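Beneath this line is the structure, given in structure tokens, with notes to follow.
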Amino acid sequence: SAVISQKPSRDICQRGTSLTIQCQVDSQVTMMFWYRQQPGQSLTLIATANQGSEATYESGFVIDKFPISRPNLTFSTLTVSNMSPEDSSIYLCSVAGTSGSYEQYFGPGTRLTVT
Amino acid sequence: DQQVKQNSPSLSVQEGRISILNCDYTNSMFDYFLWYKKYPAEGPTFLISISSIKDKNEDGRFTVFLNKSAKHLSLHIVPSQPGDSAVYFCAARTGANNLFFGTGTRLTVIP
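So the protein lines, in turn, are chains S and B.
Okay, so the first sequence: first residue is 15 according to our numbering, each after it adds one.
Okay, so the second sequence: first residue is 115 according to our numbering, each after it adds one.
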């Protein structure tokens, strides 16, 4: 499975500011995913990011709030814009497994607290 | 609307005994099911999966059972070890790349 790293691992931010989270993979992957886990909740897919195309957002998530970049096959960023305390969550990136498998492999996550 | 549910937030088991973690789902279009394990400050780690065309999949100490008519799956860990103490998530997919996750069950294996 791919080795995935995320930066920062955690941050405390003031409301109204923005934070960009980086996700780096040690191999080239076609699809990368961004998830959110709010306190006490399950993981929820925010968007799917393919290299060279616009990210595809799930219902309830919009590009203005969560802009995503995917400049190459090993890197992606997620920005949480104009943050409010409700954005306090763990944000995780993931990649699909090998061709023909349906598993996704996750990075360690970024724990965001908005005050 | 929570399509994947784990109704037990926690479970404690003695070392060496069997751990059974349960998961229920509502969407009959789910075609693949997965279990993940998560340690604190780490991302979820893939554990085992099962296709909807099967009713059992085994990998070492871990076995997943699927009952499609009941829309229920379970993860059995035998024998349980202290290192198995973690939060376990079940997840399901519909054929797209979106995984729907349950809220997790915290397993504690008591030495």
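We put the CB at the ideal spot given by N, CA and C, even for glycine.
All values derive from a computational prediction rather than experimental measurement.
So, using beta-carbon positions, are I18 of chain S and G111 of chain S closer together than 8 angstroms?
The sequence position of residue 18 of chain S within the first sequence is 4, counting from 1. The sequence position of residue 111 of chain S within the first sequence is 97, counting from 1. Taking 8 angstroms as the Cβ cut-off, I18 of chain S and G111 of chain S do not qualify as a contacting pair.
Quick one: using the 10 Å Cβ neighbour count with 16 as the cut-off for buried, is G130 of chain B buried or exposed?
Here residue 130 of chain B refers to the residue found at position 16 when the second sequence is read from its first residue. G130 of chain B should be labelled exposed.
Between the stretch 44-60 of chain S and chain B, which residues of the former have CB atoms less than 9 angstroms from a CB of the latter, in chain order?
M45, F47, Y49, Q51, G54, Q55, S56, L57, T58, L59
So what's D101 of chain S in DSSP terms, helix, strand or just coil?
The count along the first sequence starts at 1 and reaches residue 101 of chain S at position 87. Three-state DSSP puts D101 of chain S in a helix.
Residues that Q42 of chain S contacts on chain B, provided the C-beta gap is smaller than 7 angstroms
For the purposes of this step, residue 42 of chain S is taken as the residue at position 28 of the first sequence. None at all; the shortest Cβ gap to chain B is about 17 angstroms.
Give a single yes or no on whether S41 of chain S has its beta carbon closer than 7 angstroms to a heavy atom of the ligand MN.
What this structure holds is no ligand at all, so the ligand MN is not there to describe.
Identify, in the order they occur along the chain, each residue of the same chain with its Cβ nearer than 6 angstroms to the Cβ of S15 of chain S, setting aside the five sequence neighbours on each side.
Against the first sequence, residue 15 of chain S aligns to sequence position 1. Result list for S15 of chain S: Y119, in chain order.
Establish whether the CB of Q4 of chain S and some CB of chain B are separated by less than 8 angstroms.
Residue 4 of chain S falls outside the range modelled here, since chain S spans only 15 to 129, and no answer is possible.
Going by DSSP, what residue range makes up the beta strand (DSSP E) through Y49 of chain S?
Walking along the first sequence from the start, residue 49 of chain S turns up at place 35. Run containing Y49 of chain S: 45-51, per the beta strand (DSSP E) assignment.
Buried/exposed call for N90 of chain S, threshold 16 Cβ in 10 Å
Here residue 90 of chain S refers to the residue found at position 76 when the first sequence is read from its first residue. In the sequence on display, residue 90 of chain S carries Ser and not Asn. It counts as buried.
Is S199 of chain B near L221 of chain B, with beta carbons less than 8 angstroms apart?
Residue numbering aside, residue 199 of chain B sits at position 85 when the second sequence is read from its first letter. Residue numbering aside, residue 221 of chain B sits at position 107 when the second sequence is read from its first letter. Yes; because the gap between Cβ atoms is below 8 angstroms, this pair is in contact.
Quick one: Cα of Q28 of chain S to Cα of S102 of chain S, how far?
Against the first sequence, residue 28 of chain S aligns to sequence position 14. Against the first sequence, residue 102 of chain S aligns to sequence position 88. Going by the C-alpha atoms only, they are around 11 angstroms apart.
Under 7 angstroms from the C-beta of A69 of chain S: neighbouring residues of chain B
Start at 1 with the first residue of the first sequence, and residue 69 of chain S comes out as number 55. Those do not exist, as A69 of chain S stays about 12 angstroms from chain B at its closest Cβ, beyond 7 angstroms.
Exposed or buried, what is G74 of chain S when buried is set at 16 or more other beta-carbons lying within 10 Å of its beta-carbon?
Within the first sequence, the letter at position 60 stands for residue 74 of chain S. G74 of chain S is exposed by the Cβ-count criterion.
As a quick exercise: from S:R50, S:D25, S:M46, S:T31, pick the residue whose alpha carbon is nearest that of T217 of chain B.
For the purposes of this step, residue 217 of chain B is taken as the residue at position 103 of the second sequence. Among S:R50, S:D25, S:M46, S:T31, the Cα nearest to that of T217 of chain B is on S:R50.
Give every residue of the same chain whose Cβ lies closer than 8 angstroms to the Cβ of D78 of chain S, excluding the five residues on either side of it in the sequence, and list them in chain order.
Position 64 of the first sequence, counting from 1, holds the residue named residue 78 of chain S. Taken in chain order, the residues that qualify are S95.
Using DSSP's beta-bridge definition, name the partner residues of F215 of chain B.
Position 101 of the second sequence, counted from the first residue, corresponds to residue 215 of chain B. Answer is B:A205, bridged to F215 of chain B.
Determine the closest residue to T129 of chain S out of S:S115, S:E68, S:T31, S:K21, with distance taken between C-alpha atoms.
On the first sequence, residue 129 of chain S is found 115 positions in, with the first residue counted as 1. When only C-alpha atoms are compared, the closest one is S:T31.
Grab the span of the beta strand (DSSP E) containing R125 of chain S for me, first residue to last.
For the purposes of this step, residue 125 of chain S is identified with residue 111 of the first sequence, where counting begins at 1. 124-128 is the span of the beta strand (DSSP E), which, as asked, contains R125 of chain S.
Check each candidate in S:Y116, S:L106, S:S115, S:L126 and name the one with the smallest Cα separation from K152 of chain B.
Position 38 of the second sequence, counting from 1, holds the residue named residue 152 of chain B. Nearest of S:Y116, S:L106, S:S115, S:L126 to K152 of chain B, Cα basis: S:L106.
CB contact below 8 angstroms: T217 of chain B versus chain S
As a position in the second sequence, residue 217 of chain B is number 103, starting the count at 1. Yes, contact with chain S.
Using only CA atoms, which one of B:G209, B:R175, B:L180, B:D169 lies nearest to S133 of chain B?
Position 19 of the second sequence, counted from the first residue, corresponds to residue 133 of chain B. Selected option, being the one with the closest Cα: B:R175.
Extent of the continuous beta strand (DSSP E) run through A61 of chain S
Reading the first sequence from its first residue, position 47 is the one you call residue 61 of chain S. Unbroken beta strand (DSSP E) run through A61 of chain S: 57-64.
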